[in-house]
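Engineer: From first to last, the protein sequence lines stand for chains A and B.
Per my numbering: the first sequence = residues 1 to 112.
Per my numbering: the second sequence = residues 1001 to 1113.
Attaching a single structure in structure tokens format; questions to follow.
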Amino acid sequence: DAGVTQSPTHLIKTRGQQVTLRCSPKSGHDTVSWYQQALGQGPQFIFQYYEEEERQRGNFPDRFSGHQFPNYSSELNVNALLLGDSALYLCASSWGGGGEQFFGPGTRLTVL
Amino acid sequence: AQKITQTQPGMFVQEKEAVTLDCTYDTSDPSYGLFWYKQPSSGEMIFLIYQGSYDQQNATEGRYSLNFQKARKSANLVISASQLGDSAMYFCAMREVRGKLIFGQGTELSVKP
């Protein structure tokens, strides 16, 4: 039973570029949540996708957008990258829009 | 506003001893869930234990137990018989009704041999 997977593992971008991060939920899960974790901080909620729609959103600018596909996998897109976007991006999946969230290994994004 | 507070940035414990990691929370919702996660240096969040706001008994999972004191709004994690592999960051989190997790700042636990 595959857990939550994320790709890529690491990513280096320069300011102003755009990035797409990908997440495949745990088998049987239909809800994907994205979190940003800056160095030395706890994760911060970005948004949650359920039934292919953004269900909840945290305090992040519109540069952060996402998508959920019919197979429940999800993408996180960040436009016009800033140095402050450097962080570990964690994806978590759950079932039915709530429930226990299982996390993936994360994508480490470095913006130079 | 919902908030999680972890006041211990770092903790040390001797191998085989027990340790308590503190967590207090603030919410006006009657229904919520409290979680503890372990995050090793690799970055993955590993679920440890869960306590629902209506649960009457304190949650236990192997060497982990959650000391839930609802009136005091605290949800401390107790790790018994610490092992070297327990060295990691530990995060307390609260789940809102619609599923969003709110995390504390974390506590870095170091287990000494």
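Note that beta-carbon positions come from the ideal geometry of N, C-alpha and C, so glycine has one too.
Since the structure is predicted, the reported quantities are computational estimates derived from the model, not experimental observations.
#1: Buried or exposed, going by whether 16 or more other CB atoms sit within 10 Å of the CB of residue 1099(B)?
#2: In angstroms with no decimal places, state the Cα-to-Cα distance between residue 45(A) and residue 9(A).
#3: What does residue 106(A) reach in chain B if we use C-beta pairs closer than 7 Å?
#4: Can residue 76(A) and residue 66(A) be called in contact, C-beta distance under 8 Å?
#5: 8 Å is my cut-off, CB to CB: does residue 1091(B) come that close to chain A?
#6: Determine the DSSP secondary structure at residue 66(A), reduced to helix, strand or coil.
#7: In terms of DSSP beta bridges, what is residue 1061(B) paired with?
#8: Looking at chain B, is there any beta carbon in it that lies within less than 8 Å of the beta carbon of residue 31(A)?
#9: Could you give the distance in angstroms between the alpha-carbon of residue 37(A) and the alpha-carbon of residue 1049(B)?
#10: How long is the line joining the alpha carbons of residue 59(A) and residue 1013(B), rounded to whole angstroms?
Structural biologist: According to the structure shown:
#1: buried
#2: 20 Å
#3: 1043, 1044
#4: yes
#5: yes
#6: strand
#7: 1064(B)
#8: yes
#9: 21 Å
#10: 36 Å
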